[in-house]
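What follows is a single structure, written as structure tokens, with notes after it.
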Amino acid sequence: MKRFLVIVLCLVATMSVATVEAKKKKITPEQTGVATINRATAEAHVEFLASDALMGRESGTEHGRIAGEYLISVLKQMGATPLFDGGFAQPFEAYSVERKNAGFTVWPDKIEEIKKKPHRIAPMRNIIAKIDGKNPDEVVVVGAHYDHLGYDPMLVGDKIFNGADDNASGVQAVLQILRAFIATGVQPERTVVFALWDGEERGLLGSTYFVNNFADMKKVKGYMNFDMIGRNNMEHRPKHFNLMFMPQDSIYKEWLLSDIEKHVLQLDPDFKTSEDFSGGSDQVPFYKAGASIVWYQTGAQPDFHMPTDECNRVNWDKMVEITKAAFLCLWKMANN
Ligand SMILES: [Zn+2]
Numbered sequence: 050m051k052r053f054l055v056i057v058l059c060l061v062a063t064m065s066v067a068t069v070e071a072k073k074k075k076i077t078p079e080q081t082g083v084a085t086i087n088r089a090t091a092e093a094h095v096e097f098l099a100s101d102a103l104m105g106r107e108s109g110t111e112h113g114r115i116a117g118e119y120l121i122s123v124l125k126q127m128g129a130t131p132l133f134d135g136g137f138a139q140p141f142e143a144y145s146v147e148r149k150n151a152g153f154t155v156w157p158d159k160i161e162e163i164k165k166k167p168h169r170i171a172p173m174r175n176i177i178a179k180i181d182g183k184n185p186d187e188v189v190v191v192g193a194h195y196d197h198l199g200y201d202p203m204l205v206g207d208k209i210f211n212g213a214d215d216n217a218s219g220v221q222a223v224l225q226i227l228r229a230f231i232a233t234g235v236q237p238e239r240t241v242v243f244a245l246w247d248g249e250e251r252g253l254l255g256s257t258y259f260v261n262n263f264a265d266m267k268k269v270k271g272y273m274n275f276d277m278i279g280r281n282n283m284e285h286r287p288k289h290f291n292l293m294f295m296p297q298d299s300i301y302k303e304w305l306l307s308d309i310e311k312h313v314l315q316l317d318p319d320f321k322t323s324e325d326f327s328g329g330s331d332q333v334p335f336y337k338a339g340a341s342i343v344w345y346q347t348g349a350q351p352d353f354h355m356p357t358d359e360c361n362r363v364n365w366d367k368m369v370e371i372t373k374a375a376f377l378c379l380w381k382m383a384n385n
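Sequential numbering from 50 applies to the sequence shown in the numbering used here.
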């Protein structure tokens with residue numbers, strides 16, 4: 050009996066030590082989220098979107114529409130919530146004059162002028178989900194464009210602009226980050242909007258339309274952009290990427306450096322500050338609206354806007370590490 054008692058006491062002692070250890074090692078929501086971000090998911094999204102079957106997913110075309118349907122399907126599957134009552138798609142029309150290759154616009158005053166003459170209309174759709182925050186008066190937005198350049202039947206050889214880096218790489222980041230947020234099971238402090246923009250290649254049309262029409266635009270505090278996070282543009286620095294932000298927002302640099310250490314991320318960032326984000330990608334309308342901007346990109350590469358921007362040239366591991374780093378940053382943008 051005495052021996053039995055000793056065994057029981059020993060067991061109880063061992064169990065309480067184990068509980069204390071478990072509490073010490075308590076997995077944080079950030080760790081839970083970051084653990085869901087992986088290479089297989091990156092490959093699944095990018096390989097579909099950049100496949101020849103999607104013919105370069107040009108905005109306003111059937112193939113752009115198929116890309117949008119895919120994104121809606123993915124969002125439904127992960128149990129995401131649409132930003133708008135009508136569903137994940139935010140449809141809009143872009144107008145252009147009759148001339149081939151004339152630029153499209155979503156600005157109402159320009160559309161009124163264009164309508165007076167023979168003109169073209171391209172139907173487009175942003176695909177947008179959200180997670181409601183505890184404080185709905187503050188919003189952060191993360192976005193990447195999913196459209197690309199389509200195909201050119203007169204091109205000799207490969208006619209399809211697959212756009213693996215530009216910007217299927219960014220799309221997979223937004224999708225994986227949303228899934229990571231959901232996986233934490235924690236409601237963020239601020240509302241987070243997850244946007245996949247259409248019409249970027251035709252002139253930042255989707256993001257511009259969104260900013261011009263989003264009723265809560267005044268609540269948007271920050272915007273995170275992805276445009277091309279899949280390539281190496283320096284052979285000797287395969288883990289390199291650029292983090293771009295405004296000089297007053299050096300917090301993004303501090304967060305990234307601490308996350309690289311804490312989560313052992315295999316990344317070698319350069320920090321680029323700029324006062325002027327009025328060019329290049331979907332951050333432009335958010336910058337003009339006064340939001341804080343943070344932009345991830347792996348930089349210029351020789352296959353930019355070429356049919357050779359294909360999956361076999363991307364650095365999958367780096368794409369995944371950047372996605373993890375961006376999730377950790379967005380988590381802080383949403384909660385700190
Ligand atoms: Zn792009």
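From the three backbone atoms N, C-alpha and C, an ideal C-beta is built for every residue, glycine too.
Only a predicted model underlies this, so the values are computations on that prediction, with no experimental measurement involved.
Buried or exposed (CB count within 10 angstroms, at least 16 for buried), residue i
i	result
E118	exposed
T233	buried
L377	buried
S307	exposed
F294	buried
K75	exposed
E359	buried
Q297	exposed
E223	The residue you asked about is not Glu; residue 223 is Val in the sequence shown. So V223 ends up on the buried side.
T130	exposed
P185	exposed
K267	exposed
L379	buried
N216	buried
G206	exposed
L204	exposed
G128	exposed
A383	buried
F320	exposed
Under the three-state DSSP convention, the category residue i falls into
i	result
S323	coil
H289	strand
A340	coil
G206	coil
W365	helix
A213	helix
P131	strand
S299	coil
R88	helix
M273	strand
V220	helix
R228	helix
E250	coil
A71	With a pLDDT of 46 at A71, under the threshold of 50, the modelled position of this residue cannot be trusted, and the question is left open.
L245	strand
K186	Strictly speaking, residue 186 in this sequence is Asp, with Lys absent from that position. In this structure, D186 counts as strand in the three-state DSSP scheme.
N175	strand
E238	coil
S145	strand
K99	Note on residue identity: the sequence assigns Ala, not Lys, to residue 99. Looking at A99 - three-state DSSP - the assignment turns out to be coil, as it is neither helix nor strand.
Q346	strand
F263	coil
I278	coil
G255	helix
Residue i beta carbon near ligand 1 (any heavy atom closer than 7 Å)
i	result
M277	yes
H194	yes
N274	no
N291	no
N175	no
S330	yes
D358	no
D215	yes
E107	no
E249	yes
Best match in the options for proximity to residue i [C-alpha to C-alpha]
i	options	result
S327	G252, M277, R286, I170	G252
S323	S341, S307, L316	S341
A91	I226, G199, V241, E142	I226
K208	V188, R106, T347	R106
R88	F290, V260, R286, W365	W365
N361	Q126, F141, D214	D214
W156	N261, F230, L132, D319	N261
F275	A229, V343, K311, H112	V343
K179	K165, Y144, Q236	Q236
N385	G182, S108, D325	G182
H289	Y272, S299, I309	I309
T357	H94, E142, W246, A99	A99
CB contact check: residue i to chain B, cutoff 8 Å
i	result
D317	Any reference to chain B falls outside this structure, which holds one protein chain only.
Contact between the segment 369-377 and the segment 323-340 (3+ Cβ pairs under 8 Å): With the cut-off at 8 Å, the segment 369-377 and the segment 323-340 do not touch.
The segment 191-204 in contact with the segment 244-261 per 3-pair CB rule at 8 Å: The segment 191-204 is in contact with the segment 244-261.
Cβ contact (3+ pairs, closer than 8 Å) linking the segment 146-156 and the segment 81-101: no
The segment 273-286 in contact with the segment 346-364 per 3-pair CB rule at 8 Å: yes
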